[in-house]
């Protein structure tokens, strides 16, 4: 299997505070890989470093064997990594449709746009109903759909998802995980960061456990689900 | 006040307001995208006016046969380009290196850029600090409609400002670059994740804002045909007040604020000329006390 994404010995610091102290992660093409861990373990920072939003101190990131360690964020998106940021980060005063349009900024092709829009609307019919509404007026669940839909519009081969279930009602959490699975089945590789460790492990193929900036455990998700240490620390015993 | 006087002053106010609105747009757009009050913005209009002055003088020494309308259109292009270039030059050399530094640094730098432009132009031997007469690009033509005196320059000021505003509104709302501008002004990181080149978007904003200042420069020079290196200071301050009145960062707000301020200033001047000079700043104080987010601005809530 080809490696979609490889992170090697990544170090990141905010000011003087070390957030990542040598993280290495491998993501196989077409798989779902998850990173779990407590707040401040460095999960979001890893994603933000991969997509070029935060500066890396040292280490390497490769995307299908291309080194993207020092590539600017907007080019990384164009190369094929889409990122659903933590907290949704909608453009609140743009309409739902404009939010989706803006994601095709890098390559504006009308036919391709129509096709991606079709895919997004078939996954999230709610967004189609609300396409003329301002994104800021959507409910939390709808905003999360828009965040995922918007990332899909950028046409990434790999999608990074940061806490997609945060702040959602339990019914919606199930729904968002099922959607992630569907997106994966459409051929997109997924790297998922989650607080909801049980769901993340159930829906993924491989998992990394992060603790204060380092990888403390890794393995196939089904194994980690049965690992007594993981159970105790992240799955509520 | 008699009805004809009322309309006379309204036209005068709209004329002045058109110029304020054009300048205010640049303040508000730059603030919207990088949260910087660009104090040098007012000087971009001076640069635009001088560029047209030299261009028109040069053309007129070559030939007097050029039709005025052609001369004006060429002059307008020169003003737009000069304004856009000086704005982007300030961005590239002064503001960009400070982009991710504390905001106060960029603010103080903006004051520095402003003073640099004023004193640099005043120190140039072929410009100097004193007034220069701006050549007549168009022959002034006056006419009377229902007792109200109008001239072609007035109609040009108002008309051109409105055309440029419609164009700007179209760019911001309908084009991809305009949508990118709005996205960047809301959330730079999220915009990057959509593949938007943030720096290029900021450049675009400076180019547009600068071009509008250039347009204000040529219109001001045609309306009050004396130009000098400090000519931007007072209109710039008032246009800044207009931007705050409309809601800083809000594009329709800057247009509304500009026109309201121009009209208020003309009516106040008709009672007392000192009152006219001061009314903008009285309005600024009142707005900041009563409605600090401006007429069309939304209340800023602290992000948690």
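Protein chains in written order, with the numbering used here: chain A, 14 to 250; chain B, 2 to 305.
Note that the Cβ used here is the ideal one computed from N, Cα and C, for glycine as well.
Contact between the stretch 175-195 of chain B and the stretch 221-237 of chain A is absent: fewer than 3 CB-CB pairs across the two stretches fall below 8 Å.
When only Cα atoms are considered, residue 271 of chain B and residue 11 of chain B end up about 11 Å apart. Considering only B:168, B:236 and B:265, the residue with the shortest C-alpha distance to residue 252 of chain B is B:168.
Here residue 219 of chain A is buried, its C-beta having at least 16 other C-beta atoms within 10 Å. Residues of chain B with a Cβ closer than 7 Å to the Cβ of residue 59 of chain A do not exist; the shortest Cβ-Cβ separation is about 15 Å.
When DSSP reads this structure, residue 20 of chain A sits in a beta bridge with A:38 and A:74. Boundaries for residue 124 of chain B: no beta strand (DSSP E) harbours it, while the alpha helix (DSSP H) harbouring it runs 104-124, taken from the DSSP string. Taking a beta-carbon distance threshold of 8 Å, residue 62 of chain A does not count as an interface residue toward chain B. The residue from B:226, B:110, B:209 and B:159 with its alpha-carbon nearest to that of residue 13 of chain B is B:159. Separation of residue 45 of chain A and residue 181 of chain B (C-alpha to C-alpha, rounded to the nearest whole angstrom) is 31 Å. Within 9 Å of the CB of residue 66 of chain A, the CB atoms of chain B belong to 190, 193 and 194, in sequence order along the chain. At least one CB of chain B lies nearer than 8 Å to the CB of residue 86 of chain A. In the structure shown, residue 133 of chain B falls within a strand segment according to DSSP collapsed to helix, strand and coil. At least one C-beta of chain A is nearer than 8 Å to the C-beta of residue 183 of chain B. Shown here for residue 60 of chain B: same chain residues with a beta carbon closer than 7 Å to its own, the five before and five after excluded, namely 67 and 72 in chain order. Within the stretch 206-257 of chain B, complete beta strand (DSSP E) segments of at least 3 residues are not found at all. By the Cβ criterion, the stretch 209-227 of chain B is in contact with the stretch 133-145 of chain B, since at least three pairs of Cβ atoms, one from each stretch, lie closer than 8 Å. Taking a beta-carbon distance threshold of 8 Å, residue 177 of chain B counts as an interface residue toward chain A.
Residue environment for residue 129 of chain B: exposed (fewer than 16 other C-beta atoms within 10 angstroms of its C-beta). Interface annotation for the stretch 113-129 of chain A against chain B: 114, 115, 116, 118, 119 and 121, criterion Cβ-Cβ distance under 7 Å. DSSP places residue 203 of chain A within a strand segment (E or B) once states are collapsed to three. Per the C-alpha coordinates, the member of A:187, A:244 and A:105 positioned closest to residue 148 of chain A is A:105.
Between the stretch 89-101 of chain B and the stretch 18-26 of chain B there are fewer than three C-beta pairs closer than 8 Å, too few to call the two in contact. For a cut-off of 8 Å, the C-beta gap from residue 215 of chain B to residue 45 of chain B is around 7 Å, short enough to register as a contact.
In this structure, residue 213 of chain B sits away from residue 15 of chain B, with a CB-CB distance that is not shorter than 8 Å.
Straight-line measurement puts the Cα of residue 214 of chain A at about 7 Å from the Cα of residue 238 of chain A. Scanning chain B for C-beta atoms nearer than 7 Å to the C-beta of residue 167 of chain A yields 195 and 196, reported in chain order. Cβ-Cβ distances below 8 Å link residue 133 of chain B to 54, 227, 228 and 229 in the same chain, with the five nearest sequence neighbours on each side left out; the list follows chain order. Using beta-carbon distances, residue 102 of chain B does not count as an interface residue toward chain A, since no partner is under 8 Å. In the DSSP annotation of this structure, the continuous segment of the beta strand (DSSP E) that includes residue 151 of chain B starts and ends at 149-152. Contact with chain B is found for residue 106 of chain A, since one of that chain's Cβ atoms lies less than 8 Å from the residue's Cβ. Cβ atoms of residue 49 of chain A and residue 216 of chain A stay farther apart than 8 Å, at about 12 Å. A straight line joining the alpha-carbon of residue 206 of chain B with that of residue 80 of chain B spans about 17 Å. Chain B has a Cβ within less than 8 Å of the Cβ of residue 91 of chain A. At a Cβ-Cβ threshold of 8 Å, residue 178 of chain A and residue 186 of chain A count as neighbours.
For residue 176 of chain A, the three-state secondary structure derived from DSSP is coil.
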